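Single-structure report; data block below.
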Amino acid sequence: MSLWVDHYRPRSLDELHYHKHLSSRLRSLAASGDFPHMLFYGPPGAGKKTRISCTLKELFGPGVDKLKVDQRVFLTQSKRKIEVNIVQSNFHLEITPSEAGNYDRTVIQELLKEIAQTQQVDLSAKQRFKVVVINEADSLSRDAQAALRRTMEKYMTNMRIILCANSTSRLIAPIKSRCLLIRVAAPDPDEMRGVLGYVAKSVGFDLPPDPADKIIEDSNGNMRKAILVLEALKMQSPDLTGNITIAKPDWETYCHKVADLIVQEQTPARVMEVRTKFYELLSHCIPPTVILKTVAERVVERVDESLKADIMHWAAFYEVRMRLGNKKIFHLEAWVVKVMSLYKQFFYGIDLTDFD
Amino acid sequence: MSFFQVPSGKPAQKHAVDPALQPWVEKYRPKTIDDVSSQEHTMAVLRKTLTSTNLPHMLFYGPPGTGKTSTILALSRQLFGPDNFRNRVLELNASDERGIKVVREKIKNFARQTPRAQAVGSDGKTYPCPPYKIIILDEADSMTQDAQGALRRIMETYARITRFCLVCNYVTRIIEPLASRCSKFRFTPLDTSSAGSRLSMIATAEHVQIDPLVLDALIGTSGGDLRRAITYLQSASRLAASTNPPTPITPSDIQEIAGVVPDAVIASLAKTLGIDVATAMDVDDKPTSGSNFEKIQKAVKHLIREGYSASQTLSQLHDLVVLHPTLTARQKSRCALVFAEADKALCDGADEELWILEVALRIHKAIS
Ligand SMILES: Nc1ncnc2c1ncn2[C@@H]1O[C@H](COP(=O)(O)OP(=O)(O)OP(=O)(O)O)[C@@H](O)[C@H]1O
Ligand SMILES: [Mg+2]
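For the record, the sequence lines run as chains A and B. Quick note: the first sequence uses full-length UniProt numbering, first residue 1, plus one each step. Quick note: the second sequence uses full-length UniProt numbering, first residue 1, plus one each step.
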């Protein structure tokens, strides 16, 4: 038995619950043979992937559901072997180049060329091109993006590309110029209520309004998360009544603890303590940006209004540095020290400007 | 379907493509340099080379979708005709393996056979067919410095029988010694009138009705990038044609396709930041509780949920602030500073939410 998120995932454009307008636009694009390259962007859990797979279905018919997963090995120039998982049907193929890390360019080059140079052989195919879906496109390296540019134009007869990303700012202008940009907004609370209600009904129960509101509040527009939580809650208390609480993920609770530590005491010893906690989080593969944002948001909840803007300012400041730099922990720590010094200045009027 | 015959032995040739199934950007790629809109100066110079049979090394640079690749392809085709195109023109781009060793080998092999002119093509037309070969290095700005350095020598070695055309977006990424060997041609974002006439031409050819307002919207949202304008036009026309009965394209269709943030959204954000916005706009006036910080944080979170692109949001907010009738010069300057910082941060891959919030808070501070 698969999870509800997967089991009740819409399979065609007609089944999609919200953004009807967008669905009809995708349908009209798929209906004409001159389908463009596309870039789907929007916050996590807004339904980008579902929409892409529905669009593929519209383009090629049920054949796209017959998926197989391959592991391909690519050889880099320095003769290193890179393993990448490829999900494919007869009509399309899906990759997550970030799996290849710094070698994403090699993977993109090899793979696209190979596809571009083979022709669709399936006689019953509705389109003469194959579609390549590139997940997490915003983490493609500049090199890999450059490698896409002319390929996207040159092999357009045999291949279309669908990029899927959270944000567009990390994509270079020539790539954006070659794609039709499709924004997938997170569903609003009413739309989420509709989907949750539908899932509940399909499973065979009624979802009372109260837990629904709680789930929606907690999920922050992330539909995937909302359905996962719904399933978990239903397991916990089958009648969904009484005082239900949605458990926060461990890492989030942990981040909140870190924030509390910072607000409680501002000493070098405390910095050390916080650092160990950061290491702990990092070693569990929580992305450093997520750590910084979660901690910062919790800290600003608990400090005086006049400090809030500054704390977020330094969070933004150190977050970019963290991206450009190598040692994530340095920048996280620098931010903590900065916040502590701001806090002390505020509370005791100590002038720590020398410290800057 | 007829175009899907079993490949008998060898795969179907490229030009067997049904033009109706080609995206318009490819379908309407200029065939000759006279088809290229705007860029008059460049075209004037290139037109001369068609008659003089002499060509310098060239460097084309400019923003995306302004006709660089199209121009060099069209020029080569006009020089050599369809028959000789293959053995006279070598196109290398970032998508090919471009370690300098590979480039050197390819160019060496390609430049080895001395060209022999055969001016009359199989289509009966006469082509100048000058006695050299053209090597196009598209997207040259993604070549490494070392590779560019090595290219210098290669250019000299084969100078007698090859002409290089480097194409790139960022001319500063081309090393000086290489750039100085080329005549530079700058491609500018297309001006309103030439973009307009090209788009009208395509619309007419595709039997799509577009009124002047739609044309303005296309030009305005694409910022001089003709490729984007054409893509927008095509998908808008697909959308318009798919309804029953077909509806005409509206400017707001174009704005939506182009990912423009609705004015009301920007205005409501500006209002949260304490900027006076013209009341003519339909701004959501619900009084929200909480401190200023919380209100701003909430507004930013809302923007992120809607998925609007950060750079688009910031550029629209920027326009609103900079053109604002009552903000003082000092206030505007403070805002301009943070817009610049945010742009750089986003280019470095910073988190969008943190930076929109940063911009919002700093504007709020500058204004109050
Ligand atoms: N000046 C122009 N005149 C006519 N059509 C143009 C012009 N510029 C761009 N186009 C249209 O846009 C498409 C892309 O243009 P082209 O490939 O030449 O852009 P480019 O300058 O090479 O961009 P990039 O820097 O992204 O490679 C063309 O197929 C054509 O349809
Ligand atoms: Mg180009």
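Ideal Cβ placement from N, Cα and C applies to all residues, glycine included. None of these values were measured; they are calculated from a predicted model.
Beta-carbon separation (whole angstroms), B/S361 vs A/M312, contact threshold 8 Å: One detail in the question is off: residue 361 of chain B reads as Leu in this sequence, not Ser. At roughly 6 Å, the Cβ-Cβ gap stays under 8 Å, so B/L361 and A/M312 are in contact.
If we count the other Cβ atoms within 10 Å of its Cβ and call it buried at 16 or more, is B/A217 buried or exposed? buried
Contacting residues, own chain, Cβ-Cβ under 8 Å from B/K106 (five flanking each side not counted): L90 and L92
Enumerated in chain order, which unbroken segments of the alpha helix (DSSP H) with a length of 4 residues or greater are wholly contained in the segment 242-287 of chain A? 250-264 and 268-283
In terms of residues, what are the limits of the beta strand (DSSP E) holding A/H19? Counting along the chain, A/H19 falls outside any beta strand (DSSP E), and DSSP gives it neither H nor E.
The segment 37-44 of chain B / the segment 191-211 of chain B touching (three or more Cβ pairs under 8 Å): yes
What's the C-alpha gap between B/P248 and B/Q255? 15 Å
Kindly indicate which three-state DSSP category A/S237 falls into: helix, strand or coil? coil
As an exercise, report each continuous alpha helix (DSSP H) stretch of at least 4 residues that is fully enclosed by the segment 176-238 of chain A, in chain order. 189-203, 209-219 and 223-236
Under the three-state DSSP convention, the category A/M103 falls into: In the sequence on display, residue 103 of chain A carries Tyr and not Met. In the structure shown, A/Y103 sits in a helix (DSSP, three-state: H, G or I).
Is it true that the segment 240-249 of chain A meets the segment 207-219 of chain A, where meeting means three or more beta-carbon pairs spaced less than 8 Å apart? yes
Within 10 angstroms of its Cβ, does A/H37 collect 16 or more other Cβ (buried), or is it exposed? buried
At a cut-off of 7 Å, would you count B/Y28 as near ligand 1, judging by its Cβ distance to the nearest heavy atom? yes
Taking DSSP as the reference, what is the three-state secondary structure of A/I115? helix
Just how far apart, CA to CA, sit B/T188 and B/N54? 25 Å
Cβ-heavy atom distance, B/V167 to ligand 2, below 7 Å: yes
So what does DSSP say about A/M38, is it helix, strand or coil? strand
Name the two residues that bound the continuous beta strand (DSSP E) containing B/V45. Careful: B/V45 lies outside any beta strand (DSSP E), inside the alpha helix (DSSP H) at E40 to S52.
Rounded to whole angstroms, what's the CA-CA distance from A/G47 to A/M192? Just pull it up for me. 11 Å
Contact list for the segment 300-323 of chain B against chain A, Cβ threshold 9 Å: K301, I304, R305, E306, G307, Y308, S309, A310, S311 and Q312
Say whether chain B places a C-beta atom closer than 8 Å to the C-beta of A/R193. no
What residue range does the alpha helix (DSSP H) around A/H331 cover? K328 to Y348
So, does the CB of A/A137 fall closer than 8 Å to a CB anywhere in chain B? no
Tell me, please, whether the segment 179-187 of chain B touches the segment 57-65 of chain B by the rule of three or more beta-carbon pairs shorter than 8 Å. yes
Quick one: residues in its chain with C-beta nearer than 7 Å to the C-beta of B/Q331, no 5 flanking neighbours on either side, listed in chain order? A366 and I367
Ordered list of alpha helix (DSSP H) runs contained in the segment 139-198 of chain B, each at least 4 residues: 145-157 and 176-179
Where does B/M201 fall in DSSP's three states? helix
Within the 8 Å Cβ cut-off, does B/D146 reach chain A? no
Where does the unbroken alpha helix (DSSP H) through B/N84 begin, and where does it stop? K68 to R88
Using 7 Å as the cut-off, classify the Cβ of A/S89 as near or not near the heavy atoms of ligand 1, replying yes or no. no
Assess, as a yes-or-no matter, whether the segment 320-329 of chain B is touched by the segment 270-280 of chain A under the definition of 3 or more beta carbon pairs within less than 8 Å. no
Could you tell me which uninterrupted alpha helix (DSSP H) segments, each at least 4 residues in length, are contained entirely in the segment 142-171 of chain A, listed from first to last along the chain? 142-154
Contacts that B/N244 makes with chain A (C-beta to C-beta distance below 7 Å): What B/N244 touches in chain A: nothing, since even the nearest Cβ is about 11 Å away.
Should B/D138 and B/V171 be called a contact, given that it needs their Cβ atoms to be closer than 8 Å? no
May I ask you to check if the CB of B/D138 is nearer than 7 Å to at least one heavy atom of ligand 2? yes
Closer than 7 Å to a non-hydrogen atom of ligand 2 - does that hold for the CB of B/T69? yes
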